[in-house]
Amino acid sequence: MLENPHKLRKSTNMTGDPFSDILKFTSAQTMVTGGFTAGGAWALRFPAPEKIKFFAVVKGDCWMRLEGEDEPLHAHTGDVLLLASRRSFILASDLSMPPLDAMAVFSGCKIAQLGDGKDFSHIGGHVLLDQASGRLLADVLPPWMHIQASSPQATILRWILDQLVREQADGQPGASLASAQLAQLLFIQVLRAHLQTSSLMPAGWLRALADPRLALALRLMHGDPGRDWHLEELARAAAMSRTSFAFHFRQTAGVAPLTYLTQWRMHLAERALREEDTPVAVLARSLGYTSESAFSNAFKRATGTAPKRYRTAGKAERLEDAEEQSLSLVS
Numbered sequence: 001m002l003e004n005p006h007k008l009r010k011s012t013n014m015t016g017d018p019f020s021d022i023l024k025f026t027s028a029q030t031m032v033t034g035g036f037t038a039g040g041a042w043a044l045r046f047p048a049p050e051k052i053k054f055f056a057v058v059k060g061d062c063w064m065r066l067e068g069e070d071e072p073l074h075a076h077t078g079d080v081l082l083l084a085s086r087r088s089f090i091l092a093s094d095l096s097m098p099p100l101d102a103m104a105v106f107s108g109c110k111i112a113q114l115g116d117g118k119d120f121s122h123i124g125g126h127v128l129l130d131q132a133s134g135r136l137l138a139d140v141l142p143p144w145m146h147i148q149a150s151s152p153q154a155t156i157l158r159w160i161l162d163q164l165v166r167e168q169a170d171g172q173p174g175a176s177l178a179s180a181q182l183a184q185l186l187f188i189q190v191l192r193a194h195l196q197t198s199s200l201m202p203a204g205w206l207r208a209l210a211d212p213r214l215a216l217a218l219r220l221m222h223g224d225p226g227r228d229w230h231l232e233e234l235a236r237a238a239a240m241s242r243t244s245f246a247f248h249f250r251q252t253a254g255v256a257p258l259t260y261l262t263q264w265r266m267h268l269a270e271r272a273l274r275e276e277d278t279p280v281a282v283l284a285r286s287l288g289y290t291s292e293s294a295f296s297n298a299f300k301r302a303t304g305t306a307p308k309r310y311r312t313a314g315k316a317e318r319l320e321d322a323e324e325q326s327l328s329l330v331s
C-alpha cells in the first residue's frame, strides 16, 4: 500500500494527461525570435538549428529547400513549419537565386527587410527543452512538420499567428509575455495537428497517443504511475485482448507497456532527485516500489547510477551552473 498515492503527481506537477505531462517534464518553452519581410526576388540560407525551430508564413508564399530532401516545399499564407532535425535550409521566392546568409541579414535586428518588403512576411522562433529530459520529446518528433493553412486544424493556427503579429507590432504592455504564451500555444497546436493527420511517425509515446485505444492506457499509467498496473487491466481499458494490446503497444510505442511504465517512473525519479529533497525511501514508495533497495536497483539498471549519487551529482551540477551565471553577471 502506498503511503500517499498522489504525492508524486503533486510534487512533480503531473496531470495524468501524457501530452501535457511530457511537455511539462521536458520544460518545453516556445520563443518568438524574429522574422522578416520581403519583396521581389529573394533567397536566404539558414544554418542547421541547434534547437527545434519553427516558422510561419504570415503573408505571401515561399519555397523551402531542406537539406536531405529531394523536393522543395511550397509554403503559403498561414502555413506553419517545424524543423526538429539539425538540417540547413533555404527560404526563397526563387530557388534559382544565390541565397544570402540569413545570419548576416538578421545581424543586429529582430525584423529584417529584403527589397521593399511588400510581398512576403515571416515570423519564426524556437523551442527550448530541458537539457537533461528534453530528448524524451525531441527523439519522437519527425525531422520536419508542415501544417498547411488549408488543413482543418489550421483555423486556430491562423488566429494565433494574427495575434502574434499584433503583439509584435503594437508594443503593448506585456507584449513579451503574451508573445511567449501565444508561441507556446502555437507549438501545442502544431503537435496536435500532426497527431491528427500524420501516418508517418516514428515509434514512441507520441505515436501511441495518436491511437485512441493506446492513449487510454497511457492516461491510466500517467494518472497513477505508482500503481501496480497489470497488463490485463491496461488491455481491458483499451478494449483489446491481452495479446493484441501487448503486440500493438510494442509496435506503436517501441517498447512493451510495462516497460514504458518503468521508463516513465524512472523519468519521474530523475526529475524528483534533481529538483526535490524527498527522501529516496519515500520516492520509492511513491513510484510503487516495495522497498528503497528495489527502487535503487531499478534506477541503477536504468541510469547506471545509484539514486543518492545521482542526486549528489545533480546538486553539484546546479551549483556549478549558478556560479557560472553569477560570474557572467559580474563580468
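Take the sequence shown: its position 39, counting from 1, is numbered 39 in full-length UniProt numbering, and each next residue is one higher. No residue lacks a Cβ here, since even glycine has one placed at the ideal position from N, Cα and C.
Who are the Cβ neighbours of serine 331 in its own chain at under 6 Å, not counting the five residues just before and after it? Locating residue 331 in the sequence shown gives position 331, where the first residue counts as 1. Caution applies to serine 331, whose pLDDT of 46 falls short of 50 and renders its modelled position unreliable; the model cannot decide the point.
Just verifying my parser: in three-state terms, what is the DSSP assignment at serine 96? Locating residue 96 in the sequence shown gives position 96, counting from the first residue. Three-state DSSP puts serine 96 in coil, outside helix and strand.
Can the beta-carbon of serine 151 be found less than 8 Å from the beta-carbon of alanine 193? As a first step, residue 151 is located in the sequence shown; it is residue number 151 there, counting from the start. As a first step, residue 193 is located in the sequence shown; it is residue number 193 there, counting from the start. The answer is yes: Cβ separation under 8 Å.
For the segment 67–79 and the segment 100–118, state whether three or more C-beta atom pairs, one from each stretch, are separated by less than 8 Å. With the cut-off at 8 Å, the segment 67–79 and the segment 100–118 do not touch.
So is tryptophan 205 buried or exposed if we call it buried at 16+ other beta carbons inside 10 Å? For the purposes of this step, residue 205 is taken as the residue at position 205 of the sequence shown. So tryptophan 205 counts as buried.
Compute the Euclidean distance between the alpha carbons of glutamine 184 and leucine 231, then round it to the nearest angstrom. Within the sequence shown, numbered from 1, the residue matching residue 184 stands at position 184. Within the sequence shown, numbered from 1, the residue matching residue 231 stands at position 231. Distance between the alpha carbons of glutamine 184 and leucine 231 is about 35 Å.
When DSSP labels each residue in this structure, what does leucine 290 get in the three-state scheme? Within the sequence shown, numbered from 1, the residue matching residue 290 stands at position 290. A small fix is needed here, since residue 290 is threonine in this sequence, not leucine. The three-state reading of DSSP puts threonine 290 in coil, since its state is none of H, G, I, E or B.
Close Cβ partners of glutamine 189 (< 6 Å) along its chain, the five nearest in sequence each way excluded: Taking the sequence shown and counting its residues from 1, the one referred to as residue 189 is at position 189. Residues of the same chain with a CB within less than 6 Å of the CB of glutamine 189, apart from the 5 flanking positions on each side, are Ile156 and Leu157 in chain order.
Using 8 Å as the Cβ pair cut-off and three pairs as the minimum, do the segment 157–175 and the segment 90–97 touch? The segment 157–175 is not in contact with the segment 90–97.
Phenylalanine 247 classed as buried or exposed, judged by whether at least 16 other C-beta atoms fall within 10 angstroms: Here residue 247 refers to the residue found at position 247 when the sequence shown is read from its first residue. Counting Cβ neighbours within 10 Å, phenylalanine 247 comes out exposed, since fewer than 16 surround it.
In DSSP terms, what arginine 158 is bridged to: What you label residue 158 is simply residue 158 of the sequence shown in a count that begins at 1. Bridge partners of arginine 158: none, in fact.
Sequence-distant residues of its chain with Cβ nearer than 8 Å to aspartate 17 (five each side left out): What you label residue 17 is simply residue 17 of the sequence shown in a count that begins at 1. These residues qualify, in order along the chain: Arg219 and His222.
Should isoleucine 147 be labelled buried (16 or more other beta-carbon atoms within 10 Å of its own) or exposed? The residue labelled residue 147 in the question sits at position 147 within the sequence shown. When all chains shown are included, isoleucine 147 counts as buried.
Quick one, which of Leu161, Asp139 and Leu200 has its alpha-carbon nearest leucine 186's? Locating residue 186 in the sequence shown gives position 186, where the first residue counts as 1. The option with the nearest alpha carbon to leucine 186 is Leu161.
Over the uninterrupted alpha helix (DSSP H) stretch that includes threonine 259, give me the two end residues. Here residue 259 refers to the residue found at position 259 of the sequence shown. Its alpha helix (DSSP H) spans residues 257–275.
Do glycine 125 and threonine 30 have their C-beta atoms closer together than 8 Å? Position 125 of the sequence shown holds residue 125. Position 30 of the sequence shown holds residue 30. With respect to threonine 30, glycine 125 sits close: the two C-beta atoms are nearer than 8 Å.
Suppose you measure from the CA of alanine 104 to the CA of aspartate 277; what does that come to, to the nearest Å? Position 104 of the sequence shown, counted from the start, is the residue given in the question as residue 104. Position 277 of the sequence shown, counted from the start, is the residue given in the question as residue 277. So the two alpha carbons sit approximately 47 Å from each other.
Tell me which residues share the same chain as tyrosine 310 and place their Cβ nearer than 6 Å to its Cβ, disregarding the 5 neighbours each side in the sequence. In the sequence shown, the residue the question calls residue 310 occupies position 310. Cβ neighbours of tyrosine 310 beyond the five flanking positions: Leu273.
One question on the structure: do alanine 84 and proline 143 come within less than 8 Å of each other, judged by their Cβ atoms? Indexing the sequence shown from 1 puts residue 84 at position 84. Indexing the sequence shown from 1 puts residue 143 at position 143. Note that the C-beta distance between alanine 84 and proline 143 is below 8 Å.
Round the Cβ separation of leucine 200 and alanine 208 to the nearest angstrom and send it over; I've been treating them as touching at under 8 Å. Sequence index remark: in the sequence shown, residue 200 carries index 200 (1-based). Sequence index remark: in the sequence shown, residue 208 carries index 208 (1-based). At roughly 15 Å, the Cβ-Cβ gap does not stay under 8 Å, so leucine 200 and alanine 208 are not in contact.
Pick from Ala41, Leu136 and Leu261 that is closest to glutamine 113, judged by C-alpha positions: Locating residue 113 in the sequence shown gives position 113, where the first residue counts as 1. Out of Ala41, Leu136 and Leu261, the CA that lies nearest to the CA of glutamine 113 is found in Ala41.
At least 3 beta-carbon pairs within less than 8 Å: the segment 57–65 vs the segment 127–136: Touching, no.
Whose C-alpha, out of Ala217, Arg242, Asp224 and Leu195, is nearest the C-alpha of alanine 210? The count along the sequence shown starts at 1 and reaches residue 210 at position 210. It is Leu195 whose Cα lies nearest to the Cα of alanine 210.
Checking 8 Å against the spacing of the C-beta atoms, do serine 179 and valine 282 come in under that value? What you label residue 179 is simply residue 179 of the sequence shown in a count that begins at 1. What you label residue 282 is simply residue 282 of the sequence shown in a count that begins at 1. Not in contact: serine 179 and valine 282 (Cβ atoms no closer than 8 Å).
Under 8 Å between the Cβ atoms of leucine 44 and leucine 91? As a working note, residue 44 is residue 44 in the sequence shown. As a working note, residue 91 is residue 91 in the sequence shown. Taking a C-beta distance under 8 Å as the contact criterion, leucine 44 and leucine 91 qualify as a contact pair.
For the candidate residues Leu261, Ser198 and Arg87, whose alpha-carbon lies nearest to that of proline 225? In the sequence shown, the residue the question calls residue 225 occupies position 225. That would be Leu261, whose Cα lies nearest to the Cα of proline 225.
Rounded to the nearest angstrom, how far is the Cβ of leucine 82 from that of phenylalanine 46, given a contact under 8 Å? Within the sequence shown, numbered from 1, the residue matching residue 82 stands at position 82. Within the sequence shown, numbered from 1, the residue matching residue 46 stands at position 46. That pair is no contact at about 14 Å.
Inter-residue spacing [alpha-carbon to alpha-carbon] between glutamate 69 and aspartate 21: As a working mapping, residue 69 is identified with position 69 in the sequence shown. As a working mapping, residue 21 is identified with position 21 in the sequence shown. Roughly 33 Å separates the two Cα atoms.
Reference leucine 23, options Ala284, His267, Ala48 and Ala294, closest by Cα: By one-based count along the sequence shown, residue 23 stands at place 23. Of Ala284, His267, Ala48 and Ala294, the residue nearest in Cα terms is His267.
Nearest-angstrom Cα separation, counted from leucine 129 out to threonine 26: The count along the sequence shown starts at 1 and reaches residue 26 at position 26. The count along the sequence shown starts at 1 and reaches residue 129 at position 129. For threonine 26 and leucine 129, the distance between alpha carbons rounds to 6 Å.
Give me the residue from Ser88, Ile52 and Glu50 with the minimum Cα distance to leucine 66. Counting from one through the sequence shown, the residue named residue 66 turns up at place 66. Relative to the Cα of leucine 66, the nearest Cα in the group Ser88, Ile52 and Glu50 belongs to Ser88.
Who are alanine 112's beta bridge partners in DSSP? Taking the first residue of the sequence shown as position 1, residue 112 is located at position 112. DSSP links alanine 112 through a beta bridge to Phe36.
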